[in-house]
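Shown next, in structure tokens, is the structure this report addresses.
In my numbering, the protein residues as written are 28 to 254.
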């Protein structure tokens with residue numbers, strides 16, 4: 028078993044490209060593996076997990092700088108996000124395409140002074156109440172009252188905004204300026220899941236809509252190749 032330390036019982040796990048994270052029953056989050064972009068959230072680039080001395084009580088929990096409880100989390104290639112009980116969201120690690128949702132491309136978590144209270148929440152706009160998050164590749168998504176919003180890499184249109192430019196790497200693209208994805212008049216999303224190059228939403232009637240890369244017919248099985 029993975030040694031997560033005293034009382035380190037996991038209640039949720041996620042895995043990125045070369046790292047993994049566990050949400051513990053005490054509310055803490057611990058990550059291990061590759062840390063080249065600070066995706067372990069420990070304020071450095073030191074990978075952990077290759078030596079027994081890295082794990083157990085020696086593996087620190089991530090400092091989020093809040094007393095609010097983590098309710099959900101997700102991992103992309105080299106970044107991760109958590110959703111707190113107060114509906115706020117924080118992301119850290121690689122930010123090449125703006126997937127941390129801070130309106131820039133600066134990585135966070137790879138140097139001292141970037142975590143805890145220094146790690147800002149993601150601004151999704153007034154009135155957007157998040158109930159679930161998901162990540163994949165260089166994409167982050169949030170679902171809740173207000174619909175579905177995604178940001179980061181958009182090379183295949185996987186952010187659902189009818190364009191292919193990245194979203195989230197400029198301050199004018201976050202918050203109120205990031206629109207919810209248009210799923211159709213009267214259509215209500217019930218869940219969202221992100222892939223590296225495509226995203227799908229399950230609707231409240233049980234049907235599914237997907238957008239982004241169609242190279243392997245992942246949007247419409249049996250249909251053509253393309254995006």
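Backbone N, C-alpha and C fix where the C-beta goes; we use that ideal spot for every residue, glycine too. If you're wondering where the values come from, they're calculated on a predicted model, not measured in any experiment.
So, with DSSP's three-state summary, where would you put residue 62?
coil
Is the beta carbon of residue 45 less than 7 Å from the beta carbon of residue 71?
no
Here's a check: name, in chain order, each residue in its chain whose Cβ is nearer than 6 Å to the Cβ of residue 30, leaving out the five neighbours to either side.
82, 83
Taking DSSP as the reference, what is the three-state secondary structure of residue 174?
strand
Straight-line CA distance for residue 209 to residue 183?
17 Å
Which residue or residues does DSSP assign as beta-bridge partners of residue 107?
102, 119
Exposed unless 16 or more other CB atoms sit within 10 angstroms - verdict on residue 41:
buried
Which class does residue 44 belong to by DSSP, given the choice of helix, strand or coil?
coil
Taking three-plus beta-carbon pairs below 8 Å as touching, is the segment 218-237 in contact with the segment 160-168?
yes
For residue 141, which of helix, strand or coil comes out of DSSP?
coil
Within the segment 216-245, ranges of the beta strand (DSSP E) (whole runs, at least 3 residues)
216-221, 225-230, 235-239
Could you tell me which residues DSSP puts in a beta bridge with residue 50?
39, 56
Which residues DSSP lists as bridging residue 194, in chain order
179
Can you look up residue 262 in the DSSP assignment and give me helix, strand or coil?
No answer is possible for residue 262: the residues shown for the chain start at 28 and end at 254.
Where does residue 80 fall in DSSP's three states?
helix
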